């Protein structure tokens, strides 16, 4: 009898935990458009930061000056290194029977890629200008149109199936999947540290209506793609830890109590008087026309996350410089610790996919 009671309690606890994870995953906001990227625990976030710190300490203490991006001040990296240009494989689902998704064209994809390049280069035409340029740029490598009603209408539920069939060169290319998601989800993307770099599960899901010109009210200027790729390269929502000082693990984005909507004026000071919410940051939920910047701190974090967890995006010269530094430090593989973490994290995927 006691065993049955304990088993029942365990089932209830697991179910409640799954419900909590489901709420975090979908960031449910009364049906309003939102992002479906999983929210990771503070413990996991701590481990990621610790791995990055150890990697950076070892490599930067042994690398030749000017050869490894993350060892240089973030404000001068653009003058010392070429941008990290990521080839993008676009997979566009549509339903020819209903016409769903057939508005997405190669011209739209080219335009969307241009928007991403503007945003990541600090050249978004909105606002006062003078935004920080990140290290990342993008180029269209391939466009694959797929007439598949089930995949188009059920992008999240069928994700494992179509990614296993379609994902291409995930260690060196970003794969973007365009279709339809339910429940107000406009996009989702796994962080680089959630799966091994060559896993077919990497890649972003984008609702076709939130592509540039897609027709989604307030969210069709193209910033959904920018936001989701921001997650892939390691950036959290700016309200990740609410009003905690640790916030989104970036020093120059003030703590923020919750997501922003519209383009609020005056700008809220939701956590600390004098510290304004990040309503213009791409990692908030403000309207597309209100978001126009990444911070220097976010740029630095993205460089570090990609260098440690997804080095296939880096140039051959930079990867070689890292290997030389690791060899000097007596490490056989600079990325071994990161790889072990990714494998362990991926093995726990049921924690954040069981409710899909």
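In mature numbering (1 follows the signal peptide of the UniProt record, and there is no 0), the protein residues as written are -22 to -1, 1 to 334.
Idealized CB from N, CA, C, for every residue including glycine.
From a predicted model like this one, the values you see are computed outputs, not experimental measurements.
Can you give me the start and stop residues for the beta strand (DSSP E) that residue i sits inside?
{"i": "residue 208", "result": "Element bounds for residue 208: not the beta strand (DSSP E) but the alpha helix (DSSP H), 201 to 210."}
{"i": "residue 228", "result": "Element bounds for residue 228: n/a, residue is neither H nor E."}
{"i": "residue 185", "result": "182 to 185"}
{"i": "residue 163", "result": "163 to 167"}
{"i": "residue 54", "result": "It is not in any beta strand (DSSP E) - residue 54 carries neither H nor E in the DSSP assignment."}
{"i": "residue 64", "result": "62 to 72"}
Considering only C-alpha positions, which residue in the set the options is nearest to residue i?
{"i": "residue 294", "options": "38, 19 and 59", "result": "59"}
{"i": "residue 276", "options": "211, 66, 71 and 322", "result": "211"}
{"i": "residue 321", "options": "221, 171 and 249", "result": "171"}
{"i": "residue 76", "options": "162, 125 and 102", "result": "125"}
{"i": "residue 23", "options": "119, 96 and 219", "result": "219"}
{"i": "residue 217", "options": "93, 65, 198 and 239", "result": "239"}
{"i": "residue 255", "options": "233, 156 and 265", "result": "233"}
{"i": "residue 323", "options": "157, 16 and 10", "result": "16"}
{"i": "residue 105", "options": "52, 258 and 243", "result": "258"}
{"i": "residue 227", "options": "236, 237, 215 and 95", "result": "215"}
{"i": "residue 29", "options": "223, 250, 313 and 175", "result": "313"}
{"i": "residue 384", "options": "306, 144 and 189", "result": "This structure does not reach residue 384, given that the chain is present from -22 up to 334, and the question cannot be answered."}
{"i": "residue 107", "options": "99, 113 and 114", "result": "99"}
{"i": "residue 151", "options": "116, 326 and 32", "result": "116"}
{"i": "residue 283", "options": "317, 84, 325 and 74", "result": "317"}
{"i": "residue 70", "options": "26, 128, 224 and 50", "result": "128"}
{"i": "residue 91", "options": "64, 301 and 81", "result": "64"}
{"i": "residue 184", "options": "195, 159 and 139", "result": "159"}
Report back the beta-carbon spacing between residue i and residue j to the nearest angstrom; my notes put them in contact at under 8 angstroms.
{"i": "residue 178", "j": "residue 204", "result": "Not really, about 23 angstroms apart at Cβ, beyond 8 angstroms."}
{"i": "residue 279", "j": "residue 213", "result": "7 angstroms"}
{"i": "residue 130", "j": "residue 78", "result": "6 angstroms"}
{"i": "residue 354", "j": "residue 208", "result": "No statement about residue 354 is possible, as the shown extent of the chain runs from -22 to 334 and does not include it."}
{"i": "residue 288", "j": "residue 145", "result": "With a Cβ gap of about 14 angstroms, residue 288 and residue 145 do not count as contacting."}
{"i": "residue 248", "j": "residue 236", "result": "7 angstroms"}
{"i": "residue 165", "j": "residue 14", "result": "7 angstroms"}
{"i": "residue 123", "j": "residue 286", "result": "Their Cβ separation, rounded to whole angstroms, is 35 angstroms, which puts residue 123 and residue 286 out of contact at 8 angstroms."}
{"i": "residue 12", "j": "residue 173", "result": "With 8 angstroms as the limit, residue 12 and residue 173 do not qualify as a contact, their Cβ atoms being about 23 angstroms apart."}
{"i": "residue 111", "j": "residue 31", "result": "Residue 111 to residue 31, Cβ: 25 angstroms. No contact."}
I'd like the list of long-range same chain contacts for residue i, defined as Cβ closer than 7 angstroms, with 5 residues on each side in sequence excluded.
{"i": "residue 142", "result": "178"}
{"i": "residue 40", "result": "303, 306 and 307"}
{"i": "residue 299", "result": "41, 42, 45 and 46"}
{"i": "residue 193", "result": "187"}
{"i": "residue 95", "result": "115 and 116"}
Which residues in the same chain have their Cβ closer than 8 angstroms to the Cβ of residue i, if we skip the five residues on either side of it in sequence?
{"i": "residue 201", "result": "93, 97, 260, 266 and 269"}
{"i": "residue 20", "result": "219 and 224"}
If you check the beta carbons only, do residue i and residue j fall under 7 angstroms apart?
{"i": "residue 281", "j": "residue 48", "result": "yes"}
{"i": "residue 66", "j": "residue 119", "result": "yes"}
{"i": "residue 109", "j": "residue 271", "result": "yes"}
{"i": "residue 133", "j": "residue 68", "result": "no"}
{"i": "residue 274", "j": "residue 52", "result": "yes"}
{"i": "residue 167", "j": "residue 137", "result": "no"}
{"i": "residue 26", "j": "residue 84", "result": "no"}
Over the uninterrupted alpha helix (DSSP H) stretch that includes residue i, give me the two end residues.
{"i": "residue 144", "result": "137 to 144"}
{"i": "residue 338", "result": "Outside the displayed span of the chain (-22 to 334) sits residue 338, for which this structure offers no information."}
{"i": "residue 319", "result": "314 to 325"}
{"i": "residue 121", "result": "Element bounds for residue 121: not the alpha helix (DSSP H) but the beta strand (DSSP E), 114 to 125."}
{"i": "residue 284", "result": "274 to 287"}
{"i": "residue 36", "result": "20 to 38"}
{"i": "residue 302", "result": "294 to 306"}
If you drop the 5 nearest sequence neighbours on each side, which residues of the same chain put their C-beta closer than 6 angstroms to that of residue i?
{"i": "residue 62", "result": "113, 114 and 291"}
{"i": "residue 2", "result": "A caution first: residue 2 carries a pLDDT of 36, below 50, which makes its placement in the model unreliable, though a value can still be read off. Cβ neighbours of residue 2 beyond the five flanking positions: 17."}
{"i": "residue 246", "result": "255"}
{"i": "residue 327", "result": "none"}
{"i": "residue 315", "result": "29"}
{"i": "residue 140", "result": "129"}
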